[in-house]
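To start, the structure under review is shown below, and the notes come after it.
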Amino acid sequence: MKQHMVIDSPYGLLTLVADDGVLCGLYMVDQRHRPPEESFGDRDPEPFAETVRQLDAYFAGDRTEFDVPMRLHGTPFQQSVWEQLLAIPYGETRTYGDLAQALGKPGASRAVGLANGKNPISVIVPCHRVIGSDGSLTGYGGGLPRKRRLLDFERGTALF
81 MKQHMVIDSP YGLLTLVADD GVLCGLYMVD QRHRPPEESF GDRDPEPFAE
131 TVRQLDAYFA GDRTEFDVPM RLHGTPFQQS VWEQLLAIPY GETRTYGDLA
181 QALGKPGASR AVGLANGKNP ISVIVPCHRV IGSDGSLTGY GGGLPRKRRL
231 LDFERGTALF
């Protein structure tokens, strides 16, 4: 059974989605690949207390890692990419090529980018930490301005 709630953040409204009480989605407004609202289930804040607490601490600058239970729905390849995202330290970036190399598929940068774009749990699974091979900001489901702000925030250079 799915439930959801909407919270405010420094990056706009975030929709949290749970499947049987386990976080399975965190979507920004106007996020690319955002599922239709009707798939989010009933509004119910109950399953999200710990997720909200950890997100609040992250946005306050008091948390650099998350440890909420998650259920990431995707193909085995997508899940392997998302696992690599979880290994990128706070405040650091990796390129799509770095991730492809770490997966043992050095020619799969484009496929890594596609999987990265389908990440269902933004912020917590830090797809914003992936950049182009030349250091440029490329592709982000939440929009490049949000990506820049998240990276600046994590590097301590954000201007709020």
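Numbering (my numbering), first residue to last: 81 to 240.
Note that CB positions come from ideal geometry on N, CA and C, so glycine has one too.
#1: Buried or exposed: Y170, going by 16 or more other Cβ atoms within 10 Å of its Cβ?
#2: So, for L230: in the same chain, excluding its five sequence neighbours on each side, which residues have a beta-carbon less than 6 Å away from its beta-carbon?
#3: Under three-state DSSP, which class holds K198?
#4: What would DSSP say about A98, mapped onto helix, strand or coil?
#5: For P149, count the other beta carbons within 10 Å of its own beta carbon; 16 or more makes it buried, fewer makes it exposed. Which is it?
#6: State the Cα-Cα distance for the pair L94 and D124, rounded to the nearest angstrom.
#7: Give the range of the alpha helix (DSSP H) segment to which V86 is assigned.
#8: Would you tell me roughly how many angstroms separate the C-alpha atoms of N199 and Y220, rounded to the nearest one?
#9: By DSSP, does V148 sit in helix, in strand, or in coil?
Taking the geometry as given:
#1: exposed
#2: H208
#3: coil
#4: strand
#5: exposed
#6: 14 Å
#7: Run containing V86: none in the alpha helix (DSSP H); it sits in the beta strand (DSSP E), K82 to I87.
#8: 10 Å
#9: coil
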